[in-house]
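Chains as they are written, first to last, in the working numbering: chain A, 564 to 1092; chain B, 23 to 198; chain C, 45 to 548. We treat Cβ as the ideally placed atom computed from N, Cα and C, and that holds for glycine.
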Amino acid sequence: MAMITDHILTWVTFVPLLGAVALWLFGRREGPARIFALAVSLVDFVLSLHLWFHFDAARGDDQFVERVAWIGNGQVSYHLGCDGISLVLALLTTFLGPLIILSTWKAITSRVREFLAFFLLLQTAMLGTFLARDMLLFYVFWEAMLIPMYFIIGIWGGQRRIYAAVKFFIFTMVGSVFMLVGILYLFFQSGSMELTSFLNLNLEHNAQLWLFAAFFLAFAIKVPVFPLHTWLPDAHVEAPTAGSVVLAGVLLKMGTYGMLRFAMPLFPQGVAYFAPAVSILAVIGIIYGALVALVQPDIKKLVAYSSVSHLGFVVLGLFSLNSLGVAGGVFQMLAHGLSTGALFLLVGVIYERRHTREISEFGGLAHVMPLYATFFMIATLASIGLPGLAGFVGEFTILLGTFTSEFLPAARVMAILAATGVVLGAFFMLWMVQRVFFGRLANDANKNLPDLSWREVVVLVPLLVFMFVLGVHPGLVLDKVDLSIQKVLAPLEAQLVPHSPAGHAAIPGGGEEGAPAILLVNSDAEDLR
Amino acid sequence: MTGDLIFILLALLTLVPAVWVVMSRNLVHAGFGLLFTLFGAAGLYAYMGADFIAVAQLMVYIGGVLVLVLFTVMMTHVPRSHGNHGYDRYVPASVFALLTFGVLYKTITSVNWSASTSPAEPTIARIGAQIMTDFIFPFEYVSLVLLAAMIGAALLTREERPAGPANAAKDTEVAP
Amino acid sequence: MNDLAIPDFGREIAALLPFLIVAGGGLLVMVTDALVKTLRKDHLSYLVLLVLLSVIVVQTTSGTPEGPVLNGLLLLGNFSRFFTYLFVVIGVLTTIFATGIFDRDGNYRPEFYPLLLFAILGMMVLAAANDLLTVYLGLETMSLATYVLAGGVRGNAPSSEAGFKYLMLGGFSSAFFLMGVAFVYGACGGTGFDQIAAALHSGSAPMPFLTLGTGLMLVGFGFKVAMVPFHMWTPDVYDGAPAYVTGFMATAIKAAGFAILLRFVLLTEPMLAFAWYPVLTVLAVLTMSLGNIVALVQGNIKRMLAWSSIAHAGYLLLGIVAILAPALGGPEMMARAKGIVEEGGAALLFYLVGYALMNLAAFGIINVMGTEPGVDGDQISRYAGLSRRQPVAAATLAVAMLSLAGIPPMVGFMAKFYIFSVVVKAGLIPLAIIGVINSLISVYYYLRVIVVMYMHDTAEDSYQGTEWVSVAAAGLLAFLIIYLGVMPEAFHRGAEIVFRQISF
């Protein structure tokens, strides 16, 4: 046991990889391979629960740290750590894993073993990305993630899968290679690849701007921030259901996570310089995503564009630069992972039955598939931010954070514009639900559709449960991440000058310890719990 | 003065046939032009007191390489090139050649030469001794280089084909 | 001058044992083939493997003496040992790949074996060279042997064309090189590296001669490593030669070319930096960019890899440029120079090994797939659906492609990481950016191979055949590609140690 708990992060990260390797032993036997992969992902989830229960939220720093020299004389190390932010995202990843594998039971029928192997490899890469504390290690995981995802889209995807897969790969690479140059520059400056050593660098203003731009580009493409989002609808539409779920559920969060973990703390002056522009892009993304979603005839594409809109909220929250907005952003990452993940699974369910996703093909499905309609409705409501469900907490906190932001120019206007995005989002989602599920059951092809099977219920229920749980008890997550967020943002304090002098709190000093003055800390967030 | 005259004569002997080699449409003529050029070069070496190189030039290039070239040209059927005379290639080639000449000229004249006044002494004996001592490795090793070349040559000619091996077809492309 | 002082032969012969084994092995193989009539077709390849393995054993166990031998014509030490290992291992793999093809086609080429050994010998001499004379001999042995290897498939027009083109352009490059040697000799009064270094340090050598001479020699090296604008032969030769020979050329010749280029650059460092640094920088950028851009539109996998090898030469040249850069900088840069030179050299060595691994893996698979060398058999489209028919071969080729594209966790990424971090350290951030943009472009065409293998359905003219020994060997390489990508440290440190000895 001690062997596992002492290196818990390594185990959590690499158990899926071991599983993927072991899958080769199964030869052509697909059934046992499926069960084995499911077991592996469950084991990984259980291991990650250890993190959840042993994480000391009162510390907020990296825990379960593992560090071994890797390259050079310890210049580059195998360094894993887990703070609150990493914790919730890693848990989201391991939580979705078994559900996704279960969801592919009927959907993936060709080359099953390869699919499972690629999926498990993807798990390892994603977990590693969230847990790495060494810049090169992070980069390796970040890029390695592309390979399995590329295969998943390209082999098991739809009609234009190859185009989508290559586009996905190249877009992501475009951002990351510039980040690599940035990393190399920082490496040269600090002589180490440790994140902490980067934090101690006193970079000059111009260097910060360039480096921030390089890092931000990499993460913004991943998120994706408007106008870099064009790969996303293609990837989502062409990917198999499981691919879409993991893409929306976890991969996109790698972008926002990267902003929060690297781009923002490392280059405070870059943040100060670019934050207004970034938040404007975020707001445009929110509204643009919603408007484009409105006119989509394809359910999956609609959900994909809603992701653009929702991730716009996350970015807006992060760049409101107060702990309220950032906490909201982190929470929204989680909520979006649950609700959009569920929506993609649900779209997959209907696609498996009808092999179409055109909204016009459906109508009145609630009559034949009541359970399905119920689940879909809940997921939709969670996605559009109905109070009591997870989405609400995230969006509301973000809007509040933005509204009170002292660093963004015209923060209130932005908050209001973003709020219209919420309304639009509610509109297009509900309109879609109405067209698909209510009204007359016009299409004969839909007359005999079977409702959800037991397996599908098992896949969906955990997601729905957590939408409720997080909706009524957001503190469950916020408690874990609060201190970590403060710690991550600490380097920003000294550098930021509030935009409007009419702000609530004064900057001077900021205080070495404890609650920094400029961050609207717990006082407001407390109210939400 | 006589020295200059000898030099000029040798240089002309080298250069004029060289132009002939390039301009001639007939490979046999070109081969004979080459003979004079190589001979002139050997003369220049000898004039500079580089006796070994002069002899080697005569033996290797004239006695060996050139004879081989002439044999090859005369014994194989080489189609006469006709039609396009390829003057379009002369322009870039001339530019490149002139450029090369300019660079070499500039380089050579830019160096302060310290002329040696001592009379040239025979070098063949010294070279021989050097080859057997300090440079024994290259001397021995060259045999392996030649062996590799021989294997290649043997391979290319091992099997006779009526239309000539693939290389013969290539030669026509190379001849201007 | 006339005292025929015999050097300490015992020591020298022990030192030269690996060279002697390869040379003697080449002769032995040749004679065996001629005299023993009852040979089965693959017997010669076993003999070659035996020779090469014994080189490894001898070199590992004997602890070769270090330092100059044969009157300073060769310099033995870690550097030459490192490259001997590399060439021999490449030779072993080439032999393995070649064996399979011979058996299947009945296309028996006994002369392949001695020539392979002679080419390896030439490369070993090149990497150990300590005198321009030896450099030339090494270059010629290597080149003559590979001209024939590339062009030796009789009755096959593309192969003959490849051999002939390579011969002609190789001849030109040798001429350039010799001309350069002549000038450097004239300037320094000797061809030995020590003499050249001494002349450079004393400042007695006339600069114009040196500049021209080193420039001409760079042209000669440029041909060998396929540097733009001396790259024209590469696509045709790589395409025309049989795949196992192409693999050998792409890896071993490139490694040998960069080995001597590295020695040469370090030998003439400050001078070369002042004279040729801007040119080399521009050529490095051109080499990368042209290679990658033209590779984008290739439909033939061997031509694509040929252009990609040009691009990789560009990345390697970046390392050379980085090594030269400090000489131009102020005192602050000079203080860092030693570190940059050492890291740059180590990065280059690591890159060469990584590049050899991934290219050999790729050509190993291509060799198995292409039945008739050069006969339009290497269209990428013929790999359609390979992952279903030959999963191991497809996976190996996919790993090689991803590695060539520089995606972690493959060795190609680590190799680029080391090179680019030296480039950044030398203060050449724009070059690093151009480098990463280039590797971005390259992703597209490497991915295309994977797309065809994994995402297209089997077509009528898709490849079927497989040769399990070759596939297994290539699969082993794929494993090494990943292993070195994850655990590069031990190897990189080894490269640093190798390099530290050579930097003067």
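Status (buried if at least 16 other CB within 10 Å, exposed otherwise) for residue i
i: residue 499/C; result: buried
i: residue 59/C; result: buried
i: residue 504/A; result: Since the first and last residues shown for chain A are 564 and 1092, residue 504/A lies out of range.
i: residue 651/A; result: buried
i: residue 607/A; result: buried
i: residue 1009/A; result: buried
i: residue 183/C; result: buried
i: residue 273/C; result: exposed
i: residue 126/B; result: exposed
i: residue 81/C; result: exposed
i: residue 711/A; result: buried
i: residue 596/A; result: buried
i: residue 723/A; result: exposed
i: residue 245/C; result: exposed
i: residue 16/C; result: Residue 16/C is absent from the structure shown; chain C starts at 45 and stops at 548.
i: residue 455/C; result: buried
i: residue 148/B; result: exposed
Residue i - DSSP class collapsed to helix/strand/coil
i: residue 486/C; result: helix
i: residue 634/A; result: strand
i: residue 686/A; result: helix
i: residue 46/B; result: coil
i: residue 423/C; result: strand
i: residue 447/C; result: helix
i: residue 344/C; result: strand
i: residue 273/C; result: coil
i: residue 996/A; result: helix
i: residue 642/A; result: strand
i: residue 1001/A; result: coil
i: residue 1042/A; result: helix
i: residue 722/A; result: coil
i: residue 154/C; result: coil
i: residue 111/C; result: strand
i: residue 626/A; result: strand
i: residue 802/A; result: coil
i: residue 175/C; result: strand
For residue j and residue i, believed in contact at Cβ under 8 Å, the rounded distance
i: residue 174/C; j: residue 237/C; result: 5 Å
i: residue 257/C; j: residue 281/C; result: No, residue 257/C and residue 281/C are not in contact; Cβ-Cβ is about 28 Å, not under 8 Å.
i: residue 1055/A; j: residue 884/A; result: 7 Å
i: residue 727/A; j: residue 716/A; result: 6 Å
i: residue 889/A; j: residue 784/A; result: That pair is no contact at about 21 Å.
i: residue 384/C; j: residue 466/C; result: 6 Å
i: residue 160/C; j: residue 135/C; result: 6 Å
i: residue 261/C; j: residue 224/C; result: 4 Å
i: residue 656/A; j: residue 690/A; result: 6 Å
beta-carbon residue i near the ligand SAM non-hydrogen atom, thresh 6 Å
i: residue 178/C; result: As presented, the structure is devoid of all ligands, the ligand SAM included, so that no description of it is given.
Segments assigned alpha helix (DSSP H), at least 4 residues, entirely inside the segment 184-271 of chain C: Qualifying alpha helix (DSSP H) stretches, in chain order: 201-232, 237-246, 251-269.
Between the segment 779-793 of chain A and chain C, which residues of the former have CB atoms less than 7 Å from a CB of the latter, in chain order? Taking a C-beta cut-off of 7 Å against chain C, none of the residues of the segment 779-793 of chain A qualify.
Give me the subset of the segment 704-726 of chain A whose CB atoms are less than 9 Å from a CB atom of chain C, sorted by chain position. For the segment 704-726 of chain A, which is checked against every Cβ of chain C, the residues closer than 9 Å are 704, 705, 706, 707, 709, 710, 713, 714, 717, 718, 720, 724, 725.
Along the segment 739-762 of chain A, where does the CB come closer than 8 Å to a CB of chain E? Name the residues. Here the protein chains are A, B and C, and chain E is not one of them.
The segment 301-320 of chain C: which residues have C-beta closer than 7 Å to a C-beta of chain B, in chain order? With the criterion set as a beta carbon lying under 7 Å from some beta carbon of chain B, the segment 301-320 of chain C has no members that meet it.
Please name the residues in the segment 517-534 of chain C whose beta-carbon is closer than 9 Å to at least one beta-carbon of chain A, in chain order. Under the 9 Å Cβ criterion, the segment 517-534 of chain C contributes 529, 530, 531, 532, 533.
Of all the residues that make up the segment 470-489 of chain C, which are near chain A by a beta-carbon distance shorter than 8 Å? Of all residues in the segment 470-489 of chain C, the ones placed with a Cβ closer than 8 Å to any Cβ belonging to chain A are 473, 476, 477, 480, 481, 483, 484, 487, 488, in chain order.
Please name the residues in the segment 247-270 of chain C whose beta-carbon is closer than 7 Å to at least one beta-carbon of chain B, in chain order. From the segment 247-270 of chain C, only 250, 252, 253, 256 have a Cβ closer than 7 Å to chain B.
Report the residues of the segment 63-75 of chain B with a CB closer than 9 Å to any CB of chain C, ordered along the chain. Taking 9 Å as the Cβ-Cβ cut-off against chain C, none of the residues of the segment 63-75 of chain B qualify.
Can you pull out the residues from the segment 288-301 of chain C whose beta carbon lies closer than 9 Å to at least one beta carbon of chain A? If the cut-off is 9 Å between Cβ atoms, the segment 288-301 of chain C has nothing near chain A.
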